[in-house]
Structure formats: C-alpha cells, structure tokens
Amino acid sequence: MTDVLVIGAGPTGLTLAIDLARRGVGVRIVDTAAGPSNASRGKGLQPRTLEVFDDLGVIGPILDIARPYPPMRAYVGSEVVWEGALGESRPASPDVPYPSIRMLPQSITEAILRDRLASFGVAVEYGTTVGHVTADATATLADGSVIEADYLVGADGGRSTVRRALEIPFLGETFETERMALADVRFAPGLLDREHWHIWGDLATQELALGLCPLPGTDVFQLTAPLAPGEEPSDLQNLVLGRSGRTDLVIQETTWESLYRVNIRLASSYRVGRSFLAGDAAHAHSPAGGQGLNTGVQDAYNLGWKLASGSAALLDSYQAERQPIAAAVLGLSTLLLRGDSAAPQRGQDTDQLDLHYRDSALSQDRRRVRSGLQAGDRAPDAVLPDGTLFDRFRGPSPTVLVYQARYADAIELDADAARTYGVGGGGFVVVRPDGYVGLLADADQGDAVAVYRTTLL
Ligand SMILES: Cc1cc2nc3c(=O)[nH]c(=O)nc-3n(C[C@H](O)[C@H](O)[C@H](O)COP(=O)(O)OP(=O)(O)OC[C@H]3O[C@@H](n4cnc5c(N)ncnc54)[C@H](O)[C@@H]3O)c2cc1C
0 MTDVLVIGAG PTGLTLAIDL ARRGVGVRIV DTAAGPSNAS RGKGLQPRTL
50 EVFDDLGVIG PILDIARPYP PMRAYVGSEV VWEGALGESR PASPDVPYPS
100 IRMLPQSITE AILRDRLASF GVAVEYGTTV GHVTADATAT LADGSVIEAD
150 YLVGADGGRS TVRRALEIPF LGETFETERM ALADVRFAPG LLDREHWHIW
200 GDLATQELAL GLCPLPGTDV FQLTAPLAPG EEPSDLQNLV LGRSGRTDLV
250 IQETTWESLY RVNIRLASSY RVGRSFLAGD AAHAHSPAGG QGLNTGVQDA
300 YNLGWKLASG SAALLDSYQA ERQPIAAAVL GLSTLLLRGD SAAPQRGQDT
350 DQLDLHYRDS ALSQDRRRVR SGLQAGDRAP DAVLPDGTLF DRFRGPSPTV
400 LVYQARYADA IELDADAART YGVGGGGFVV VRPDGYVGLL ADADQGDAVA
450 VYRTTLL
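For the sequence shown, numbering that gives the first Met the number 0 begins at 0 and goes up steadily by one.
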C-alpha cells in the first residue's frame, strides 16, 4: 500500500512529491510521458515560488541558471523602434529576499525538482498512464494493474484524467478563437542577441505579432505568435518570415512546438473522498502574468503537510484555502491577457507574496490589540543574529516565534522583526509548515500556542 500516489510529474506533482518525501511519507509519482519534457512553457518563477523553492532546498540550482526577465526590444523588420522593461526589478529587503520574478524554462525547473526528489530516493515512474481513479484513492493503470493508496493527487494537467474520473465539473470557458503558436527554436549563433526579448507587432495597439525570448540555460528562444480568428497556423519558418519581415531569421531547429488555446477554468471541487486535484488539473489559466505554474507549486506546498498529517481539519482546509486563490488569480491573469485598463501591474500584483489565508479556519488571531500582520498572511523573512528566519523555517515543521517571551524551542525575534510581525512585548507567533502565520497571541496566551501547535501536526 502506497501512502500517497501523485499522478503527473509536472511542477505541481514534483513539488508535492518532494514535500511528502522529505516528511518520510511513502510516495509514488507516475507520469504518462515516456520521459522528461523539454518544453519551455511556464518560464516565470514568481517571488513566492522562489521562497517555496528555498524551503524545499532547490533555490541554489534554480538561481544558478534563472535570470531576470530581459528588456524588450521592438522592431520593424531589422530596425529597433522601441525598448523597455516588462515590470521593474526591486531590491531585496530583510523581509523579502527574492523580490523579483526570475525566468527559467519549465523543463529546467522540472529537472532540478526531479534531482531533489531523487535525493530522497524517489524516481518518477515514466510511461505509466492512469486510466481511472476512484474517491477511495484507488488508481487503475492503462495496463489494468491497480495502485491502492491512502491518498491520491491528480496533478495531471489541464486535461486531467483524475478530474474526469471523479466527475468534477471544470467550470469556465475555452476561447477557441484565441490561439497562439508556441515553440522553442534555435537560430544560427549571433543572429539575435540573447540580452533582449525581441518583438514585432503594432506599437500603437500593443498587439504582438511575434515574440522571440532567449531562454536562460539554453541556446533556444521561446517563440510566441498569436493567431487571428480562423487563421491556420502555417509552418514556423513562414510565420517568422511573415511576422518579422526578416529573411535572415532562419530557424535551424525546433525543439518543441505547440498550439495554445486560451482556457480559463476552475474545478468546482478540489477533492472527492481521499482523491485530490492540484495545479492545472484544478485551474486553467491564460499565460499572461505568469501565474499557472506558480499557483500549482503553491497548491502542492499547501497540500503536502496536510496529507502527511492526515488530520481531517487540515485536509478540509486545502480546498477552502486554495480554491479562492485560484479564482482570484484566474481573474487577474484574464485581465492581463485582455490588456484591460483595470488590469493590475505586473510586479507587486502578480508576485503572489500578498496572497493570504486570512479567512481560513486555520488562521487565529488572539491578540487583544491587532496591528501589522494578520493570521493567514505570508510569514516574512527577517534577519536574526545567526542567519535569517527563512533559514530557521527551512524544513517540514511549524515554528514558534516569540518577542520578549519564553517558549520551548521558539525563535527569539528582535525589535525590528517583532514590528514586522506585529507582536508586542511577550507576544507569540506560530508559523505553519508552509510559511503562513497560523496563530498570533499575547504574552498570557502561551496555552493557546500549545493547543494550536497540536492542530498542525
Ligand atoms: C506558453 C506558456 C507560457 C506559460 N507561462 C507561464 C509562466 O510564465 N508562469 C507560470 O506560472 N505558468 C506559465 N504557464 C503555465 C504552466 O506551464 C502550467 O501552469 C504548468 O505546467 C502546470 O503544471 P502542472 O504540474 O499542474 O501540470 P503539467 O505541467 O501539465 O503536468 C501534468 C503532467 O501530468 C502527466 N499526465 C497527464 N495525464 C496523465 C495520466 N492519465 N497519467 C499519468 N500522467 C499523466 C503529463 O504527462 C504531465 O507531465 C505557461 C504555459 C504556457 C503554455
């Protein structure tokens, strides 16, 4: 009997499998693909995801290869007509160590996650297709064999077999007329510099005709070319010629190619019995604003410690916490896709640092006077005499923070950090294993801390 069966080894499934494996949970992760994907797809890693990757022990290799988004350079033919940045880079601060989005092809993110998973002795079982699942976490494979687990998680992408088998409606729309040609392409070295995102289009209407974005860690460019309603995608070389007017841009090799349809949908339920959904299986996004992969990684990070605990209250909180976030993100990425004037700005509105679980049953604020952070907010980093708070959070357990108070195995905040956390003299903070403030309490409420801690285990 397997403890948890994870179906799908994209970024969501891999994150979940790592979080479970590091807790000593028996996990199997299967994927229908013959082997790892080389597709660049979700290339934007948001600041909150970088914090999750820090906790999971992969931030070093991620930042070794990832790069800031390059400035954009717009052309008419070969002539540069505009240059500008896509959002601003912000400096790191004691509470936000990773303030800016980083670019990394999804294939490399997945490779780094797979390596980390392997360090716990777990390998992705490729070429393993799940054909059917039931609410009692039983999966039937395409070859007829059966895997029984305590829990099962469908992280099997937008066309999720798990979601269909559980008969969970996927509410929303597919915009058949809004399509985009996508590919990873290689040109002769030196033909296009790798310091800019090269674009062709109508500057006045901001309509993109062709984008060629250099992908860190590779020698390829991600090609994006929106298609007009009814337009049949021609071959990529013709598309590049037609959209850029440049005969010298000869594609030497195409390493991945896809036709993307705008799909904006949300699963009506994230769980049936002991079977769960996470990532694109639960929510389909527009690619604008770089939210899909990031939202999936954070679903996994929210679910891992709850599955490991098996507590009914914690497991119930998964949908309650994550579904409203996906609904809000879907609205946000849709506004960005439409170029709506009410659309939020890329940066602070899309970095996912402000997402919170304030309305969750797990968020408890017992302070008599409330200021600063609220229960359910992201627990910020802070400088300690011997490192940082994030150093101390790293790992699978909850953490108790104190300011001028005593509590067994708690971390002592200084005055600056206490101000950031909004705790006065003698105050307590309990930080959940996934880095959110669970409980805020006053000096005389040490008992509440003890009780609350047991609910997180
Ligand atoms: C052009 C483009 C740009 C994007 N840009 C961004 C971005 O900047 N930032 C961002 O956050 N997101 C972005 N995204 C979205 C991102 O790629 C997805 O949100 C992300 O891949 C979702 O991860 P996932 O693990 O949930 O699902 P997937 O990556 O789809 O993985 C699902 C896995 O399940 C496997 N599987 C499917 N069915 C079965 C089955 N029956 N049995 C076993 N295995 C199965 C598949 O083989 C696959 O490996 C972009 C997407 C596109 C197309």
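Every residue gets a Cβ at the ideal spot worked out from N, C-alpha and C, and that includes glycine. Quick caveat: nothing in here was measured; it's all calculated off a predicted structure.
Contact check, residue i vs residue j, beta carbons under 8 Å
i      : j      : result
Arg51  : Gln297 : The displayed chain sequence assigns Val, not Arg, to residue 51. Taking 8 Å as the Cβ cut-off, Val51 and Gln297 qualify as a contacting pair.
Ser159 : Gln105 : no
Leu176 : Pro228 : The question names Leu, yet the displayed sequence has Thr at residue 176. Yes, Cβ-Cβ distance for Thr176 and Pro228 is below 8 Å.
Asn293 : Leu44  : yes
Gly56  : Arg101 : no
Asp364 : Leu412 : no
Pro46  : Leu352 : yes
Gly423 : Asp54  : no
Thr453 : Ala312 : no
Phe169 : Arg264 : yes
Ala378 : Val436 : yes
Pro215 : Leu103 : yes
Gly421 : Leu354 : no
Pro232 : Ala180 : yes
Ala148 : Pro35  : no
Ala325 : Ala281 : yes
Asp94  : Asp350 : no
Leu240 : Leu211 : no
Ala404 : Gly425 : yes
Pro432 : Trp304 : yes
Leu306 : Val3   : yes
Thr1   : Gly25  : yes
Asn262 : Gly157 : yes
Ser268 : Gln318 : yes
Glu194 : Pro69  : yes
Gln322 : Lys42  : no
Rounded distance between the beta-carbons of residue j and residue i, thought under 8 Å
i      : j      : result
Ala141 : Ser274 : At roughly 18 Å, the Cβ-Cβ gap does not stay under 8 Å, so Ala141 and Ser274 are not in contact.
Arg242 : Arg178 : The Cβ separation is near 15 Å, so there is no contact.
Ile6   : Val161 : 6 Å
Leu165 : Val132 : 7 Å
Ser99  : Ser92  : Going by Cβ atoms, the distance from Ser99 to Ser92 rounds to 12 Å, so no, they are not a contact pair.
Leu235 : Glu256 : 7 Å
Val399 : Ala414 : Contact flag wrong, Cβ pair sits at about 18 Å.
Met71  : Leu85  : 6 Å
Arg357 : Asp376 : 7 Å
Trp199 : Leu209 : 5 Å
Leu276 : Ala266 : 5 Å
Tyr406 : Gly445 : 6 Å
Local Cβ density within 10 Å of residue i, reported as buried at 16 or more and exposed below that
i      : result
Val382 : exposed
Arg369 : exposed
Pro397 : buried
Asn237 : exposed
Ala138 : buried
Thr217 : buried
Ser316 : buried
Ala417 : buried
Val448 : buried
Val145 : exposed
Gly503 : Residue 503 cannot be examined here, being either before or after the span of the chain that is shown, 0 to 456.
Val450 : exposed
Gly272 : exposed
Trp81  : exposed
Ser285 : buried
Thr108 : buried
Ala20  : buried
Thr223 : buried
Arg367 : exposed
Leu202 : exposed
Ala117 : exposed
Ala33  : exposed
Query raised in the report: For the 8 Å Cβ check, are there 3 or more pairs between the segment 150-159 and the segment 11-31?
Result: yes
Query raised in the report: Would you say the segment 243-254 touches the segment 179-197, given that touching needs at least three Cβ pairs under 8 Å?
Result: yes
**Report entry** the segment 14-28 contacting the segment 63-76, beta-carbon criterion three pairs below 8 Å
**Finding:** no
Query raised in the report: Is the segment 124-131 close to the segment 21-31, with three or more CB pairs under 8 Å?
Result: yes
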